[in-house]
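Participant: Would you mind keeping the following structure in view while I ask a few things?
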């Protein structure tokens, strides 16, 4: 319960920060996606239920942590919510950093 309350407090803090993005932009900074995805998966553990999640090595990218979190959280939450009920859910998240 304490972990869930702490995560909720963090989400509220992030939501308040997100609401200020249009007036105050943070400079891009390195964001380790491995850590970010791990946090998001912990937060989504309730709706994730029996979904199989495979996370490959992810890079550190330059960006706004809050916006990247919102993007990845929405994508993962949608994958868990909108699925075929008669098939197991499998989500794979990985990065290909080779240049074309």
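In our numbering, the protein residues as written are 4 to 103.
Note that beta-carbon positions come from the ideal geometry of N, C-alpha and C, so glycine has one too.
Using three-state DSSP, classify residue 71 as helix, strand or coil.
Facilitator: helix
Participant: In whole angstroms, what separates the C-alpha of residue 77 from that of residue 100?
Facilitator: Distance between the alpha carbons of residue 77 and residue 100: 23 Å.
Participant: Short of 8 Å in beta carbon distance, which residues of its chain neighbour residue 98, apart from the five on each side in sequence? Order them along the chain.
Facilitator: 36, 59, 60, 61, 62
Participant: Under 7 Å, do residue 95 and residue 67 count as touching if we go by C-beta distance?
Facilitator: Taking 7 Å as the Cβ cut-off, residue 95 and residue 67 do not qualify as a contacting pair.
Participant: Excluding five sequence neighbours on each side, which residues of the same chain lie with their C-beta closer than 8 Å to the C-beta of residue 47?
Facilitator: Closer than 8 Å at the Cβ level, and outside the excluded window around residue 47, lie 76, 79, 80, 83.
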